[in-house]
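In our numbering, the protein residues as written are 63 to 325.
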Amino acid sequence: MLNTGVEFSEVEVTYGSHRVLKGVSIDIAPGSWHGILGPNGAGKSSLLKTMIGAVPYRGSVHVGGASVETFSRRERAKIVAYVPQRPIYPQGMAVFDYVLLGRTPYLGTLGAETESDLALCWTALADLDMTDFAERDISTLSGGETQRLSLARVLAQQADIVVLDEATASLDVAAQHQVMELIDTLRTARGMTVVAAIHDLTAAAQFCDRVSLLDSGTVVGSGPPGEVLTEELLGDVFEQSIRVIDVDGSTVIVSLRSQEVSK
């Protein structure tokens with residue numbers, strides 16, 4: 063597994079007449095966890111999708127020093143693994159078969175998996191403590207289990223970069239924390255670069271090495287969480303009264319209810 067960084071330079075995305083991203087430039091260090099933050103509509107998902115060729119854009123996106131536009135779909139899938147907020151799971155598919163989809167970029171002309179492909183899938187399931195789920199229908203899994211399944215597919219894909227588009231947004235607090243811890247453990251063990259749109263500011267502060275804060279398609283702050291996630295900047299971007307609190311060495315970020323709300 064190679065440590066592979068990402069560079070966005072003056073990236074613009076337009077849907078019709080609406081400019082979603084307006085000259086976004088961000089450098090993401092190899093092997094780091096970089097959080098993409100901002101309100102709904104800030105352009106987080108659109109930025110991530112430029113990495114996988116899912117949206118047209120102007121500017122440049124480089125992965126490992128090479129433009130993503132120079133890669134074929136197969137080559138790109140070997141480098142970048144993408145997990146959407148709400149993955150679509152094929153009806154009636156077993157857990158193991160879904161993980162095996164991660165090996166698709168490596169299959170030969172006839173599309174037949176090898177013993178090595180199967181072994182990598184079993185290893186991915188074992189890493190996520192899901193071996194006993196292999197024959198289960200995906201529809202029987204809980205929300206936390208399906209997110210672990212998505213991560214198992216990512217591990218089987220053996221991509222250098224994992225792109226997560228608010229992948230924990232639908233989970234309860236306990237499941238979200240478990241998945242975030244798991245991602246961080248896997249990142250450290252495998253040298254992966256993680257680029258994640260995150261809605262939970264506290265989680266971003268506690269897990270990310272660096273963050274970039276977007277507002278209306280522009281970068282308003284980028285750097286270590288402690289420098290970017292300030293009460294003043296977050297208050298301006300989210301139009302809320304924000305408090306950044308230290309609890310036993312961990313950062314907690316909360317929004318305060320307006321004092322003018324009628325009781």
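For each residue, glycine too, the CB sits at the ideal point set by N, CA and C.
Residues bridged to residue i [DSSP beta-bridge criterion]
i, result
"residue 128", "125"
"residue 292", "Looking at the DSSP assignment, residue 292 forms no beta bridge with any residue, so it has no partner."
"residue 305", "316"
"residue 71", "122"
"residue 82", "Partner(s): none; residue 82 has no beta bridge."
"residue 76", "81"
"residue 150", "Per DSSP, none; premise fails for residue 150."
"residue 90", "68"
"residue 258", "97, 226"
"residue 33", "With the chain covering 63 to 325 only, the question about residue 33 has no answer from this structure."
"residue 145", "226"
9 Å Cβ cutoff met for residue i and residue j
i, j, result
"residue 108", "residue 83", "yes"
"residue 168", "residue 179", "yes"
"residue 226", "residue 186", "no"
"residue 255", "residue 66", "yes"
"residue 281", "residue 68", "no"
"residue 224", "residue 249", "yes"
"residue 270", "residue 126", "no"
"residue 299", "residue 277", "yes"
"residue 164", "residue 214", "yes"
"residue 99", "residue 235", "no"
"residue 151", "residue 211", "yes"
"residue 195", "residue 203", "yes"
"residue 73", "residue 135", "no"
"residue 267", "residue 139", "no"
"residue 111", "residue 228", "no"
"residue 232", "residue 205", "yes"
"residue 307", "residue 317", "no"
"residue 157", "residue 118", "no"
"residue 201", "residue 154", "yes"
"residue 192", "residue 207", "yes"
"residue 279", "residue 116", "no"
Residue span of the beta strand (DSSP E) that contains residue i, given as start and end
i, result
"residue 274", "272-277"
"residue 99", "95-99"
"residue 169", "No beta strand (DSSP E) contains residue 169, which DSSP labels as neither H nor E."
"residue 283", "280-285"
First and last residue of the uninterrupted alpha helix (DSSP H) at residue i
i, result
"residue 160", "157-162"
"residue 187", "177-189"
"residue 141", "135-141"
"residue 110", "106-112"
"residue 263", "263-269"
beta-carbon residue i near the ligand MG non-hydrogen atom, thresh 8 Å
i, result
"residue 260", "Ligands are entirely absent from the displayed structure, and the ligand MG is therefore not among its contents."
Just to confirm the assignment: which complete beta strand (DSSP E) runs, minimum length 3, are found wholly within the stretch 194-254? As far as the stretch 194-254 is concerned, its whole beta strand (DSSP E) runs of at least 3 residues are 223-227.
If you pair each beta-carbon of the stretch 260-278 with each one of the stretch 126-146, do three or more pairs fall below 8 Å? No, the stretch 260-278 is not in contact with the stretch 126-146.
Under 8 Å, with one C-beta from each stretch per pair, do the stretch 290-310 and the stretch 229-247 reach the 3-pair mark? At 8 Å Cβ cutoff, the stretches do not touch.
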